[in-house]
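Worksheet: one structure, shown below.
Residue numbers (our numbering): 9 to 213.
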């Protein structure tokens, strides 16, 4: 017997300023799945992610999430505060997102993302890639959220950071969670074969 999908959309249409930006005939996301949104800038990748997260109301269509499908949405803009340390930023983000903010969980996340030696360092002294890691370390605190929606999570990451993110995405699928992400760049080799959804035919051609 097939398990219930985490997410389904039918005949979805979204607008920006009264103008259509996205039309999606159908989408089904099963447990243990990953989906890569592709397309040129302005084709609706962020719009779709926000609609799937419930942050934007579609102009038409149906959107359904499994009742137990708690989600985590990480937008492209980093919510890292310059005046806080690395550890303080992660704790603040965890508390704001109602994630696992226990000291042991925070330490484990910082260690896994290779941020523990920098835990007392002010965020203003970090590179953009390291600031991205601080933001993404929340993924380790969101193991109980079966659905992750990530807008350009690979942006600014170096090779090590990309590999760490790929590991987090693989762990999420292994525990039968799922994710949808957008990325303007290629995915690491470890994620090859993930399902792809092109949001503009022009880019695919």
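C-beta atoms are modelled at their ideal positions from N, C-alpha and C, and glycine is treated no differently.
On the premise that residue j lies in contact with residue i, defined as a C-beta separation below 8 Å, what is that separation, rounded to the nearest angstrom?
i          : j           : result
residue 42 : residue 186 : 7 Å
residue 40 : residue 184 : 5 Å
residue 74 : residue 12  : 5 Å
In angstroms with no decimal places, state the Cα-to-Cα distance between residue i and residue j.
i           : j           : result
residue 173 : residue 35  : 24 Å
residue 210 : residue 49  : In this prediction, residue 210 scores a pLDDT of 43, lower than 50, which makes its location untrustworthy; the coordinate-derived value is nonetheless stated afterwards. Cα-Cα distance, rounded: 12 Å.
residue 15  : residue 21  : 16 Å
residue 61  : residue 80  : 8 Å
residue 122 : residue 28  : 42 Å
residue 208 : residue 51  : 6 Å
residue 97  : residue 163 : 19 Å
residue 64  : residue 178 : 28 Å
residue 107 : residue 140 : 18 Å
residue 30  : residue 180 : 28 Å
residue 18  : residue 134 : 42 Å
residue 58  : residue 66  : 10 Å
residue 102 : residue 109 : 6 Å
residue 198 : residue 104 : 31 Å
residue 203 : residue 143 : 25 Å
residue 217 : residue 154 : In the structure as shown, the chain begins at 9 and stops at 213. Residue 217 is therefore absent and cannot be evaluated.
residue 99  : residue 169 : 20 Å
residue 159 : residue 76  : 22 Å
residue 69  : residue 25  : 18 Å
Locate the beta strand (DSSP E) running through residue i, then write down its first and last residues.
i           : result
residue 31  : 27-37
residue 23  : 15-24
residue 202 : Run containing residue 202: none; DSSP gives neither H nor E here.
residue 70  : 68-73
Per DSSP, which residues does residue i bridge with? Please list them.
i           : result
residue 42  : 187
residue 156 : 80, 187
Quick check on the DSSP output: the alpha helix (DSSP H) that includes residue i runs from which residue to which?
i           : result
residue 90  : From DSSP, residue 90 is part of no alpha helix (DSSP H); its letter is neither H nor E.
residue 171 : 167-182
residue 130 : Unbroken run through residue 130: none, as it is neither H nor E.
residue 55  : 53-60
residue 141 : 136-144
residue 123 : Taken as a continuous stretch (DSSP letters only), residue 123 belongs to no alpha helix (DSSP H), as it is neither H nor E.
(request) Would you check if the stretch 188-202 and the stretch 41-57 touch, i.e. whether three or more CB-CB distances between them fall below 8 Å? (result) By the Cβ rule, the stretch 41-57 counts as touching the stretch 188-202, because three or more pairs are nearer than 8 Å.
(message) Could you check whether the stretch 125-136 touches the stretch 82-94, counting it as contact only if at least three pairs of C-beta atoms, one from each stretch, sit closer than 8 Å?
(response) Under the Cβ criterion (8 Å, minimum of three pairs), the stretch 125-136 counts as touching the stretch 82-94.
(message) Measuring CB atoms only, is the stretch 75-91 touching the stretch 108-119, in the sense that at least three cross pairs come out at less than 8 Å?
(response) Touching, no.
(message) Measuring CB atoms only, is the stretch 169-183 touching the stretch 139-158, in the sense that at least three cross pairs come out at less than 8 Å?
(response) Enough Cβ pairs lie closer than 8 Å, so yes.
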